[in-house]
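J.:
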Amino acid sequence: MSSPRSLFRTVVNKNAPHETRKAAIGELAEIDATTQLRVIVVADGLNGSFRRNALNALGRCRATTELGELVDDASLPTALRERADRLR
0 MSSPRSLFRT VVNKNAPHET RKAAIGELAE IDATTQLRVI VVADGLNGSF RRNALNALGR
60 CRATTELGEL VDDASLPTAL RERADRLR
């Protein structure tokens with residue numbers, strides 16, 4: 000099993016295949032790596048699909064604290080904040 004750090008690096012590696020990056024988000028959810036998932040959601044430079052996948056993964060982890068922080072984060076796009084509110 001990969002570490003949260005290496006999985007996070009995979010997600011943010013723009014040279015990694017899309018499906019590999021998406022799978023890394025799923026693995027982060029499986030190990031409840033909620034901090035890394037939250038950072039992915041707020042990472043402005045990442046593709047929106049990765050940010051949405053990470054947000055949904057936080058919902059699967061029942062990470063209410065992290066989701067609440069995202070709801071209150073005015074720097075996030077409204078759609079992501081609204082989705083975080085629905086998931087918590």
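Numbering-wise (numbering that gives the first Met the number 0), the sequence shown opens with residue 0 and increments by one. We treat Cβ as the ideally placed atom computed from N, Cα and C, and that holds for glycine. In this text the structure is predicted, and so the values were computed from the model without any measurement.
Return helix, strand or coil for residue 30, following the three-state DSSP convention.
T.: The residue given as residue 30 occupies position 31 in the sequence shown. Three-state result, residue 30: coil.
J.: From which residue to which residue does the alpha helix (DSSP H) around residue 3 run?
T.: As a first step, residue 3 must be located in the sequence shown, where it is residue number 4. Run containing residue 3: 3-11, per the alpha helix (DSSP H) assignment.
J.: Quick check: residue 69 and residue 80, are their CB atoms within less than 8 Å of each other?
T.: Translated into positions along the sequence shown, residue 69 becomes position 70. Translated into positions along the sequence shown, residue 80 becomes position 81. Contact: yes.
J.: For residue 86, I'd like the list of residues in its chain whose CB is within less than 8 Å of its CB, leaving aside the five on either flank, ordered along the chain.
T.: Reading the sequence shown from its first residue, position 87 is the one you call residue 86. So the list reads 54, 55, 57, 58 and 66, once near-sequence residues are dropped.
J.: Give me the residue from 6, 75 and 82 with the minimum Cα distance to residue 31.
T.: As a first step, residue 31 must be located in the sequence shown, where it is residue number 32. The residue with the shortest Cα to Cα distance from residue 31 is 6.
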